[in-house]
Amino acid sequence: MDYEEIMARLRQVIETEVRPIPEEILEKEREQFYKTHQKSLDIYERAKSLIPGGVEHNLSTNNPFPLAVDRVKGYKMWDVDGNEYVDYLMCGAPIILGHHFDPLDDEIIRIIKEKGPSHGLTSEYEILAAEMITKHMPAVDMVRFLQSGTEAAMAAIRIARAYTGKTKIVKIGGSYHGWSDQFVYSLHIPGTGPLNSRGIPLEFYQHLVDIPPNEFDALEKAFEENKDKGGIAAVIVEPVGGESGVHPVHPDWNRRIRELCDEYESLLIFDEVVTGFRLDIGGAQKYFNIMPDLTVLGKIIAHGYPSAGAVGGKREIMEICGKGMGERPYLGGTLAANPITCAACYHAIRLIEEHDAVTKATNYANRLVDALNDLFSTREDLPFFVYNFGPIIHYETSSFFAVDLKAPDSFAQIMRRKDIAEDYQMVAWNKGICSLAGTRMYTCMQHDDEALDRTLAAWEYILSLIPKK
Ligand SMILES: Cc1ncc(COP(=O)(O)O)c(C=O)c1O
182 MDYEEIMARL RQVIETEVRP IPEEILEKER EQFYKTHQKS LDIYERAKSL
232 IPGGVEHNLS TNNPFPLAVD RVKGYKMWDV DGNEYVDYLM CGAPIILGHH
282 FDPLDDEIIR IIKEKGPSHG LTSEYEILAA EMITKHMPAV DMVRFLQSGT
332 EAAMAAIRIA RAYTGKTKIV KIGGSYHGWS DQFVYSLHIP GTGPLNSRGI
382 PLEFYQHLVD IPPNEFDALE KAFEENKDKG GIAAVIVEPV GGESGVHPVH
432 PDWNRRIREL CDEYESLLIF DEVVTGFRLD IGGAQKYFNI MPDLTVLGKI
482 IAHGYPSAGA VGGKREIMEI CGKGMGERPY LGGTLAANPI TCAACYHAIR
532 LIEEHDAVTK ATNYANRLVD ALNDLFSTRE DLPFFVYNFG PIIHYETSSF
582 FAVDLKAPDS FAQIMRRKDI AEDYQMVAWN KGICSLAGTR MYTCMQHDDE
632 ALDRTLAAWE YILSLIPKK
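Counting from 182, one number per residue, gives the positions in the sequence shown under this note's numbering.
Structure below.
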């Protein structure tokens, strides 16, 4: 589905009154959920006195309470009550070979047994991992390993400022680059500014320039206006659009940013925490054939193994990290580049290439998107639709991310639309389907016909609960 159509259909969803499942039916679904998720409930009750809010995973939907997971394998997930799910959370994107993939796990277990988990110095795996990343990512000549996507994004803007001598960073509204002080701004929904900034002094945003997605004029103005106010060190983008394409990217957006960065001697940073080794084995940079100066990588480089993050880029820029005290931007991390994470990185990328995992996950995603759109089109009274960027699928039912903040009741609308998406998600759980936030699905190379049939059956059931108009 192209950009214009996605945007038109998103507008249609927003202009259509939301369609909840009637309360009496929902109540029965809730009862069913409580009955079949008693152990998850017990764990949640125990967690409440130990972990603030009883859950700390931002990826979790908690209506009526969060799932506690027992194990994962292939495309499947089992909760502690033994319920089986077709999993589309995929740990928030890093899993593309399939969960708990033996050829990868065997290597890691062997390394732990033979070598030990970490020692604080270099191992050969660090170099093998760096060779693997630079082999596939066309705009990455050198890398520095860190421990999360949040850290990698922090490092990228520090490197950009050190290299250019400029101060301002442009962030696009609605995008997510982790939770560091400077990036918790206009999260999730463009224009929300410091809504989530509790604990962050507002002065921390003085060098951040917040631009709404795909607003070419605002972007050009920002470059011009900041020329004599410290200058723009970098523009950081999620290359498929904010929150992995919830706010889809205009086909000319990335290229225009590249041109402006060149014109004003600023750096372009692609945050490829989700798109790297998923949208294409060479990331969004290869997919769109637009070369960023710096690339942010995260969880995906270790395929779900812990402590994963890296910043990479052009040699002449990255070399600044190897300079002496006073000249280099300071980066670090005791567990960064530990042998387990680096071995996971090397073997995961090797296996993604060997199994052609991106093509397989993309083919499945395309089939699922077509099948779901066919199913949704049988209900002309509902504006539901699905689109994808390769193995990153967005399904739009209530589209709370797309609510226009200028609407007088915008916040009430967002909450109501979010609740309805989560109600659909609860029913999907009852039917054995797990996705992200009730709006997103990541696919892996092992999703198959059975997964597709089960997903369609679940959505057929959800549709049957929404009265026809
Ligand atoms: C695009 C993007 N950047 C950065 C991050 C932060 O990564 P981490 O959760 O590893 O800190 C995420 C996390 O989902 C992300 O999706």
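Positions of the beta carbon are idealized from the N, C-alpha and C atoms, including for glycine. It should be emphasised that the depicted structure is a prediction, and the values quoted were computed from it without experimental measurement.
Cβ shell of F565 (< 6 Å), same chain only, five flanking positions each side left out: On the sequence shown, residue 565 is found 384 positions in, with the first residue counted as 1. Excluding sequence neighbours, F565 sits near F557, T578.
With a 10 Å radius around its C-beta and 16 neighbouring C-beta atoms as the bar for buried, classify Q219 as buried or exposed. Locating residue 219 in the sequence shown gives position 38, counting from the first residue. Exposed, since its Cβ has fewer than 16 Cβ neighbours within 10 Å.
Quick check on V321: does DSSP put it in helix, strand or coil? Along the sequence shown, one-based indexing puts residue 321 at 140. V321 falls in the coil class under three-state DSSP.
Go to F566, then tell me how far its beta strand (DSSP E) extends in each direction, as first and last residue. Locating residue 566 in the sequence shown gives position 385, counting from the first residue. Start and end: 566-570.
Relative to ligand 2, is the shortest distance from any of its heavy atoms to the C-beta of E237 smaller than 8 Å? The model depicted lacks ligand 2 and carries ligand 1 instead.
Please state whether the Cβ-Cβ distance between G490 and A333 is less than 9 Å. Within the sequence shown, numbered from 1, the residue matching residue 490 stands at position 309. Within the sequence shown, numbered from 1, the residue matching residue 333 stands at position 152. Yes.
Between the segment 465-478 and the segment 362-375, do three or more beta carbon pairs fall short of 8 Å? no
Report all residues from its chain with a CB closer than 7 Å to the CB of F340; omit the five preceding and five following residues, and keep chain order. Locating residue 340 in the sequence shown gives position 159, counting from the first residue. Per the sequence shown, residue 340 should be read as Ile rather than Phe. Same-chain partners within the cutoff: L475, V492, I498, I501, C502, P510.
With DSSP as the reference, label G463 as helix, strand or coil. Locating residue 463 in the sequence shown gives position 282, counting from the first residue. Note: G463 maps to coil in three-state DSSP.
Local conformation of T476 per DSSP, three classes: Translated into the one-based positions of the sequence shown, residue 476 becomes position 295. Correct three-state label for T476: strand.
Counting C-beta neighbours from all protein chains within 10 Å, is the total for M506 16 or more, i.e. buried, or is it exposed? To locate residue 506, count along the sequence shown from 1; it is residue 325. Under this definition M506 is an exposed residue.
Should A336 be labelled buried (16 or more other beta-carbon atoms within 10 Å of its own) or exposed? Sequence index remark: in the sequence shown, residue 336 carries index 155 (1-based). Buried, since its Cβ has 16 or more Cβ neighbours within 10 Å.
According to the Cβ coordinates, are Y417 and S378 closer than 9 Å? What you label residue 417 is simply residue 236 of the sequence shown in a count that begins at 1. What you label residue 378 is simply residue 197 of the sequence shown in a count that begins at 1. The sequence as given places Ile at residue 417; Tyr does not occur at that position. Contact: no.
With N239 and E603 assumed to form a contact (beta carbons below 8 Å), what rounded beta-carbon distance in angstroms separates them? Walking along the sequence shown from the start, residue 239 turns up at place 58. Walking along the sequence shown from the start, residue 603 turns up at place 422. That belief does not hold up - the Cβ atoms of N239 and E603 are roughly 14 Å apart, past 8 Å.
Keeping to the same chain, check which residues put their C-beta closer than 7 Å to that of G279; ignore five residues upstream and five downstream. In the sequence shown, counting from the first residue as 1, residue 279 sits at position 98. Cβ neighbours of G279 beyond the five flanking positions: G255, Y256, C625, M626, Q627.
Whether V267 touches D260 by CB criterion (9 Å): Counting from 1 along the sequence shown, the entry for residue 267 is found at position 86. Counting from 1 along the sequence shown, the entry for residue 260 is found at position 79. The answer is no: Cβ separation not under 9 Å.
Give the straight-line distance between the Cα atoms of D389 and P589, rounded to the nearest whole angstrom. Working through the sequence shown from its first residue, we reach residue 389 at position 208. Working through the sequence shown from its first residue, we reach residue 589 at position 408. According to the sequence shown, residue 389 is Leu rather than Asp. Rounded to whole angstroms, L389 to P589 spans 27 Å at the Cα level.
Between the alpha carbons of H281 and G346, how many angstroms are there, rounded? Translated into the one-based positions of the sequence shown, residue 281 becomes position 100. Translated into the one-based positions of the sequence shown, residue 346 becomes position 165. Using only the alpha carbons, I get a separation of about 44 Å.
For H431, which residues in the same chain have their Cβ closer than 7 Å to its Cβ, ignoring the five residues on either side in sequence? Stepping through the sequence shown from its first residue, residue 431 is reached at position 250. Cβ neighbours of H431 beyond the five flanking positions: Y184, N395.
Based on Cα-Cα distance, which residue from G463, I614, D585, I290 lies nearest to L191? Locating residue 191 in the sequence shown gives position 10, counting from the first residue. Ranking G463, I614, D585, I290 by Cα distance to L191 puts D585 first.
Would you call the segment 199-208 and the segment 641-649 touching, i.e. three or more CB-CB distances under 8 Å? yes
Where are the alpha helix (DSSP H) runs, 4 residues long or more, that stay fully inside the segment 204-281, in chain order? 204-217, 219-229
Status (buried if at least 16 other CB within 10 Å, exposed otherwise) for K480: As a first step, residue 480 is located in the sequence shown; it is residue number 299 there, counting from the start. Counting Cβ neighbours within 10 Å, K480 comes out buried, since at least 16 surround it.
Using a Cβ distance threshold of 8 Å, determine whether the segment 452-469 contacts the segment 537-549, with at least three qualifying pairs required. yes
With burial defined as no fewer than 16 other Cβ atoms inside 10 Å of the residue's Cβ, what is the status of K352: buried or exposed? Along the sequence shown, read from residue 1 onward, the residue named residue 352 stands at position 171. K352 is buried by the Cβ-count criterion.
Given a threshold of 16 other Cβ atoms within 10 Å of its Cβ, counted over all protein chains shown, does K209 qualify as buried or as exposed? On the sequence shown, position 28 is the one that residue 209 refers to. By the neighbour-count rule (16 or more Cβ atoms within 10 Å), K209 is not buried but exposed.
DSSP bridge partner residues for K349 (one or two, in chain order): What you label residue 349 is simply residue 168 of the sequence shown in a count that begins at 1. Per DSSP, I413.
Counting C-beta neighbours from all protein chains within 10 Å, is the total for K349 16 or more, i.e. buried, or is it exposed? Here residue 349 is taken as the residue at index 168 of the sequence shown, counted from 1. It counts as buried.
Can you tell me which of the three DSSP states F582 falls into? Counting from one through the sequence shown, the residue named residue 582 turns up at place 401. Helix at F582.
Tell me whether the beta-carbon of A320 lies closer than 9 Å to the beta-carbon of M188. On the sequence shown, residue 320 is found 139 positions in, with the first residue counted as 1. On the sequence shown, residue 188 is found 7 positions in, with the first residue counted as 1. Not a contact, by the Cβ cut-off of 9 Å.
Could you check what DSSP says for Y386 in three-state terms: helix, strand or coil? Position 205 of the sequence shown, counted from the start, is the residue given in the question as residue 386. In the structure shown, Y386 sits in a helix (DSSP, three-state: H, G or I).
Using the rule of at least 16 other Cβ atoms within 10 Å of the residue's Cβ for burial, across every protein chain shown, is H300 buried or exposed? Within the sequence shown, the letter at position 119 stands for residue 300. By the neighbour-count rule (16 or more Cβ atoms within 10 Å), H300 is not buried but exposed.
Would you list the one or two residues that DSSP bridges to C615? On the sequence shown, residue 615 is found 434 positions in, with the first residue counted as 1. Answer is D268, bridged to C615.
What residues are listed by DSSP as bridge partners for R621? By 1-based counting over the sequence shown, the position of residue 621 is 440. According to DSSP, which records beta bridges pairwise, R621 is partnered with H575, L617.
On a Cα-Cα basis, can you pick out the residue from G235, M622, A546 that is closest to D630? Here residue 630 is taken as the residue at index 449 of the sequence shown, counted from 1. Of the candidates G235, M622, A546, the one whose C-alpha sits nearest the C-alpha of D630 is A546.
Rounded Cβ spacing between Y397 and P420 (contact assumed at less than 8 Å): Taking the first residue of the sequence shown as position 1, residue 397 is located at position 216. Taking the first residue of the sequence shown as position 1, residue 420 is located at position 239. Correcting the residue identity first, residue 397 is Phe in this sequence and not Tyr. The Cβ separation is near 16 Å, so there is no contact.
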